[in-house]
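Enquirer: Below you'll find the structure I mean.
Residue numbers (the numbering used here): 1042 to 1357.
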């Protein structure tokens, strides 16, 4: 479709897509050059335009209130005029409250993104099947093993391995990143060696808020076939209550079904906030009592950590 006035050729025709070119461009720019999934982009879209709608209402309604009060003052003593002013205020208030275009569904945004990606390739978009079937020079773990792994991160979906590694979580947190089903396979030997030959290693579990996601630890133990008793297992994943408490997730409850309450409804900055808060609080506990903090005490501390507690300040 081409604009008759300026000649601009639309990628996303306004007649076919609820999300137009300008809005799609802004949403993609809002991903801050991070690698992202379609679910992260949709979550960003919902939060961005939900906030805008709330801001619009919070600005418009007080102004309408002032206008209404002024009209009452000017029409004092004129009952008919006061009734008309009240009715008009009520009608306009309802229109403002209900106004604005409804948000596009996940499928509508997905279809629009697919069309956009065909016309303008998005190099940071992670989609399709997981891609780490062998070590690559771009995401090489060699240095990590040379200088020491400080944590193991286990996720419930293979695609989350790609998401975290492409956003450099493995180097930022000196972590080996695998899925509960031991993807990528080329790291399985190193993973088993770390678990069986070391002790006291934090094993951090990240997962969706659905019934399968919360079983990530059990699935991982079954897959790896080794005891984790000598290590600190910390669940930093999502649970259904997080979609009730955390602002970026609350807005999604009415947009996606509960089975799709996924880890990648969070942005990369949110996942970083989870890790950073955990690392900071654990380090502070050790610093307060470096000699008196027992392994058992650390395990109790680790078990008490919930993502909602860790990132409440960062999420608002």
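Ideal placement from N, C-alpha and C gives every residue a C-beta, glycine not left out.
(1) Taking the C-alpha atoms as reference points, what is the distance between residue 1192 and residue 1166?
(2) Going by DSSP in three states, residue 1246 sits in which element: helix, strand or coil?
(3) Just verifying my parser: in three-state terms, what is the DSSP assignment at residue 1153?
(4) So, helix, strand or coil for residue 1358, using DSSP?
(5) Please list, in chain order, all residues of the same chain as residue 1296 whose beta carbon is under 6 angstroms from its beta carbon, the five residues on each side excluded.
(6) Give every residue of the same chain whose Cβ lies closer than 6 angstroms to the Cβ of residue 1305, excluding the five residues on either side of it in the sequence, and list them in chain order.
(7) At what residues does the beta strand (DSSP E) containing residue 1195 begin and finish?
(8) When you compare the CB positions of residue 1271 and residue 1240, do they come within less than 7 angstroms of one another, or not?
(9) Between which two residues does the beta strand (DSSP E) harbouring residue 1273 extend?
(10) For residue 1055, is the classification buried or exposed, using 16 other Cβ atoms within 10 angstroms of its Cβ as the cut-off for buried?
(11) Out of curiosity, what's the CA-to-CA distance linking residue 1258 and residue 1215?
(12) Classify residue 1292: buried if its beta carbon has 16 or more other beta carbons within 10 angstroms, exposed otherwise.
(13) The alpha helix (DSSP H) that contains residue 1206, what's its start and end?
(14) Using the three-state DSSP reduction, which class does residue 1290 fall into: helix, strand or coil?
Expert: Put simply:
(1) Per the coordinates, the alpha-carbon of residue 1192 lies some 27 angstroms from the alpha-carbon of residue 1166.
(2) Strand, per DSSP.
(3) The DSSP-derived three-state label of residue 1153 is helix.
(4) Residue 1358 falls outside the range modelled here, since the chain spans only 1042 to 1357, and no answer is possible.
(5) Contacts found: 1087.
(6) Excluding residues up to 5 positions away in sequence, 1078, 1080 and 1081 lie with their Cβ nearer than 6 angstroms to the Cβ of residue 1305 in the same chain.
(7) Judged by DSSP secondary structure, residue 1195 falls within the beta strand (DSSP E) whose first and last residues are 1192-1196.
(8) For residue 1271 and residue 1240, yes; Cβs fall inside 7 angstroms.
(9) For residue 1273, the uninterrupted beta strand (DSSP E) run begins and ends at 1273-1276, by DSSP.
(10) Exposed.
(11) C-alpha separation (whole angstroms): 20 angstroms.
(12) By the 10 Å Cβ count, residue 1292 comes out buried.
(13) For residue 1206, the enclosing alpha helix (DSSP H) has its first and last residue at 1199-1207.
(14) Looking at residue 1290 - three-state DSSP - the assignment turns out to be helix.
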